[in-house]
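Structure record follows, encoded as structure tokens.
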Amino acid sequence: MLDINFIRNNPDKVKQAIAHKQENAASVDQILELDTQRRSLIHACEQLKGKRNEKSKEVSELKKKGQDASSIIEETKKIGDEIKSLEERLKELEPQINNLLLRIPNTPAADVPVGKDASDNVIVKIWGQRKTFDFTPLPHWELGSLLNILDLERSSKITGSGFILLKGLGARLERALFSFMLDLHTREHGYTELFPPFLVNRTSMTGTGQLPKLEEDMYRTAPDDLFLVPTAEVPVTNIHRDEILSYKDLPVYYTAYTPCFRREAGSYGKDTRGIIRVHQFNKVELVKLVRPETSYDELESLLGNAEKVLQLLGLEYRVAKLCTGDMSFAAAKCYDIEVWAPGADKFLEVSSCSNFEDFQARRINIRFRDENSKLRLVHTLNGSGLALPRTVIAILETYQQKDGSIAIPEILQPYMEESRLLPGNKESPDPSISPMTIVWFSTRFLTPLIGRSSLPLGCACNMPDIKKTIAWSCDQIEDGVSSLSYSPAAK
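Position 237 (the sequence shown) corresponds to 1051 in the numbering used here; numbering is contiguous.
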């Protein structure tokens, strides 16, 4: 929500910003008209209250002197009735103004490109090499059938179109991905993991900006008037609603996995094949509450955290700075991360990283007390880190082999206990030490030896070194050594 004082002092700027976001700017004039009425009523109330106070003093003086004060008492009562009438009108105006304010989008930051839609977005970064194939790469829906890991026919029977049924190693790949993402963000990026409710109330949805504008895209339960979360942004950002934090508490970093539910009411006919656009999908979300003066540095950091996932997975991607017409209702600035899917032959959005400045914090009332004990609104940011199943799509299509199998990215192998997905959803035979054995071994034996809570993220992917370490560590255990330093080259 924008500050009413900002709208009052910058009406033309706000109208221009709204127009750049492809929204109707007419509500600005309505707000200003109602605001003028409200301020007039407030002024009139204050004048009458002052007059009533004077009359009350007169009554007191007359009574002290033993004189009749009935006429002034009657006059005071009439003034009170006038005040009550004005206050009733104020009560009617307040929700009207607030309702209009809730429909005003955030103003874009100064460096956001002006444009109408995605075609006007600016590509600011490309990472990775385009993979070449000596065969025609298949799209994920064909790979899913070949591998027997995706059953859209039965998911449609169970629920309807736009829902996913993953099986066997497909389900394990999905689980491996969000487990890896949560581990990365908590261990290396400093986020605190949360597991929030999947149902939220109307106040929460309004606070983050999904309501009232996007209500038709949401799944709602009746008669409770609760909403299935469209993103973990909603419950996580609302954790500190109506709270005052200390400047020492900031920044706050949260990450959470949730399924996300969206009706996608305005996207009929788009991406109808496969699982690119669905009504239920899994996502790991990143949320930040920060000081206003650091929020744009925090946005770049947030973007880097999301990018790191794709870099470790070895997937080509690009980063787009969104133009005004393609940004969300609440965002002041936004980057989209789009991963390359060679089978579908296009880039797919897997993350939107946004700075909302104080737009959400004003709606939710999240403040902090700075070093001078002044109350200020925090700035909120969020981004996907990352969204599934499009990340699954990119892995299947990028790592597909000529024989129909899928090579599992090394970083995921400890989570998968597999190095490949084979046609028919068969587990690949591996007579050597499995990745999960390595994870178990590190927890059971290496932790007390090397003083770590776990092996570094991804180190189990360096299979030869880790196997050497296991063999070497077993020798040390047998020899009764109690204090060791880890070095893969030691053996």
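No residue lacks a Cβ here, since even glycine has one placed at the ideal position from N, Cα and C.
Three-way DSSP call (helix, strand, coil) for residue i in this model
i, result
"Q1174", "helix"
"K1122", "helix"
"Q851", "helix"
"L1127", "helix"
"R986", "helix"
"R944", "coil"
"I818", "helix"
"V1253", "Bear in mind that the predicted position of V1253 carries a pLDDT of just 48, short of 50, making it unreliable; the figure below should be weighed with that in mind. Helix."
"N935", "coil"
"V928", "coil"
"I1222", "coil"
"N913", "helix"
"F1161", "strand"
"V1192", "coil"
"T1020", "helix"
"T950", "coil"
"L966", "helix"
"N1208", "Note that residue 1208 corresponds to Ala in the displayed sequence, not to Asn. If DSSP states are grouped into helix, strand and coil, A1208 belongs with the helices."
"E906", "helix"
"S1142", "coil"
"I1180", "strand"
"I918", "coil"
"K827", "helix"
"L1136", "coil"
"S1198", "strand"
"L1236", "strand"
Nearest-angstrom beta carbon gap, residue j and residue i [assumed within contact, 8 Å]
i, j, result
"F1012", "V1092", "Not confirmed; about 16 Å, so no contact."
"A1146", "F1173", "7 Å"
"L1124", "V1153", "6 Å"
"P1049", "L916", "Wrong, their Cβ atoms sit about 19 Å apart, outside the cutoff."
"H1193", "A1208", "At roughly 31 Å, the Cβ-Cβ gap does not stay under 8 Å, so H1193 and A1208 are not in contact."
"D843", "R822", "The Cβ separation is near 12 Å, so there is no contact."
"G1197", "S1233", "Contact flag wrong, Cβ pair sits at about 31 Å."
"R852", "L816", "No, R852 and L816 are not in contact; Cβ-Cβ is about 16 Å, not under 8 Å."
"D895", "D1140", "Contact doesn't hold; Cβ gap of about 54 Å is too wide."
"H999", "G1199", "6 Å"
"K869", "I893", "7 Å"
"R1183", "L1189", "6 Å"
Candidates the options: closest to residue i by CA position
i, options, result
"S1168", "I1090, K945, Y1110 and I887", "Y1110"
"R1181", "D934, I1058 and N819", "I1058"
"V1309", "L1195, K971, C1148 and S1166", "In this structure the chain extends from 815 to 1305, so residue 1309 is not present and cannot be described."
"L996", "V1101, L961 and L846", "V1101"
"L961", "W941, R944, L987 and G974", "L987"
"K865", "K879, I887 and D849", "I887"
"Y1071", "N1096, P1065, D882 and D1217", "N1096"
"L1210", "P951, K869 and L1028", "P951"
"E889", "E908, K863, N912 and E906", "K863"
"N1052", "L816, Q943 and P1010", "P1010"
"Q861", "S841, S885, I897 and L876", "I897"
"T1086", "Q1214, W955, G942 and D895", "W955"
"R1016", "K1062, R1034, Y1005 and D1140", "R1034"
"G1004", "T946, M1019 and P1065", "P1065"
"K1160", "G974, D1184, D1217 and Y1131", "Y1131"
"G1088", "E868, S1018 and L964", "L964"
"D934", "Y1213, R1183, D1150 and R1077", "D1150"
"F949", "P1237, G1238, G1218 and P1223", "G1218"
"F947", "Q1215, Q1227, I1222 and E872", "Q1215"
"I911", "D1038, E1107 and N819", "N819"
"L1129", "R1190, G942 and P1106", "G942"
"L1195", "I972, N867, E847 and G1023", "G1023"
Whether residue i touches residue j by CB criterion (7 Å)
i, j, result
"V938", "V1133", "yes"
"A1201", "F1170", "no"
"L1235", "I1220", "yes"
"A985", "T921", "no"
"S989", "L979", "Sequence check: residue 989 is Arg here, not Ser. Result no, Cβ atoms of R989 and L979 do not sit closer than 7 Å."
"I1178", "G982", "no"
"V1104", "E1112", "yes"
"I845", "L957", "no"
"F1075", "L1042", "yes"
"A1120", "P953", "no"
"C859", "L900", "yes"
"Y1068", "T1006", "yes"
"V926", "T1138", "yes"
"E1099", "E1047", "yes"
"P1203", "L1127", "no"
"K945", "T1205", "no"
"A839", "A833", "yes"
Within-7 Å CB hit, residue i to chain B
i, result
"K971", "No chain B is part of this structure, which consists of one protein chain only."
Beta strand (DSSP E) runs wholly inside the stretch 1028-1112, at least 3 long, in chain order: 1040-1042, 1057-1060, 1066-1075 and 1094-1104
Completely contained alpha helix (DSSP H) runs for the stretch 829-902, where each covers 4 or more residues: 840-878
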